[in-house]
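Chemist:
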Amino acid sequence: MPKVQEARQMVETRGLNIDIGVDGGINEKTAPLAVKAGANVLTIGFAIYGREPKLSIQKLKDSLR
Numbered sequence: 531m532p533k534v535q536e537a538r539q540m541v542e543t544r545g546l547n548i549d550i551g552v553d554g555g556i557n558e559k560t561a562p563l564a565v566k567a568g569a570n571v572l573t574i575g576f577a578i579y580g581r582e583p584k585l586s587i588q589k590l591k592d593s594l595r
């Protein structure tokens with residue numbers, strides 16, 4: 531996720547306290563990649579509501595541990 535990495539680097543270089551968010555395409559596979567790239571806010575929609583919500587949320591949580 532090059533754009534997330536670039537945004538995180540700009541924020542840190544300038545000494546800013548700004549959240550970096552990713553909206554769209556977040557699931558149990560992409561969430562850890564987004565966090566590793568520097569995102570600290572994930573907007574999750576279809577990954578939860580497209581399936582059984584409780585199970586989907588648990589899978590997302592597990593993927594970030």
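Just so we're on the same page, the numbering used here is the position in the sequence shown counted from 1, plus 530. A virtual CB, placed ideally from N, CA and C, is assigned to each residue, including glycine.
Could you say which of A577, T560, G580, F576 lies nearest to A569 if we only look at CA atoms?
Modeler: The residue with the shortest Cα to Cα distance from A569 is T560.
Chemist: Go ahead and label V610 buried or exposed: buried means 16 or more other beta carbons lie within 10 angstroms of its beta carbon, across all protein chains shown.
Modeler: Missing from the structure shown is residue 610; the chain here goes from 531 to 595 and no further.
Chemist: Confirm, please, whether the CB-CB distance from K589 to E558 is below 7 Å.
Modeler: Taking 7 Å as the Cβ cut-off, E558 and K589 qualify as a contacting pair.
Chemist: Out of S593, K566, I587, point me to the one whose CA is closest to Q535's CA.
Modeler: Per the Cα distances, K566.
Chemist: Taking just the CA atoms, how far does A564 sit from N575?
Modeler: A quick correction: the sequence has Gly, not Asn, at residue 575. Going from the Cα of G575 to the Cα of A564 covers about 15 Å.
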